[in-house]
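*Asks:*
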Amino acid sequence: MKLDETDRQLLNLIQTQFPVVPEPYRELAQKLRISEAEVLARLDRLLREKVIRRLGGIFDSRRVGYHGTLCAVKVEPEMVEKVAAEVNSYPGVTHNYLREHDYGMWFTLLAESEEKLNGIIGEIRNCPGVIALVSLPAEKIFKIKVNFDLSEV
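Each position in the sequence shown, counted from 1, maps to that position plus 114 in our numbering.
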């Protein structure tokens, strides 16, 4: 997909200056000197074309009482797709990806309480095809702010 100048400006704005106002898309439109409908159409296209994976806020889950962990799962090779579908069915799963390793499935999980988190881990651990699951809660949190400056692309 080829991005035009307006697409690049829009992507830069939503990464760094997304307006927290009642009508954010209207404000973005004003900054870009296009219509609100065009902003929405461009974002829809960028999402459909998978230029944007998601559009939403990022918050510190610990500050609002959530508990999280990174899990590594050893899965029977013929069951990877079924186990991935089961893991992805939990709303607290924020990432799920495969790696070349015995523990080849890795996912992050958030839940409202430690009990809920452990319950979900137990359910996944008991899924057909799961050989082993290791929960790796963070000991220290590192947040890396990554913005992609698209003005030079």
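Where is the CB? At the ideal position from N, CA and C, for every residue including glycine.
1) Is DSSP giving Ala186 helix, strand or coil here?
2) Is the beta carbon of Leu212 within less than 7 Å of some heavy atom of the ligand ADP?
3) DSSP on Ala225, reduced to helix/strand/coil?
4) Pull up the distance between the alpha-carbon of Glu192 and that of Gly179, whole angstroms please.
5) May I ask you to report which of helix, strand or coil DSSP gives Val134?
6) Taking C-alpha atoms, which residue in Pro133, Leu146, Gln129 lies nearest to Glu119?
7) For Ala246, report the span of its beta strand (DSSP E) as first-last.
*Replies:* In short:
1) strand
2) This structure lacks the ligand ADP; in fact it carries no ligand of any kind.
3) strand
4) 37 Å
5) coil
6) Leu146
7) 244-250
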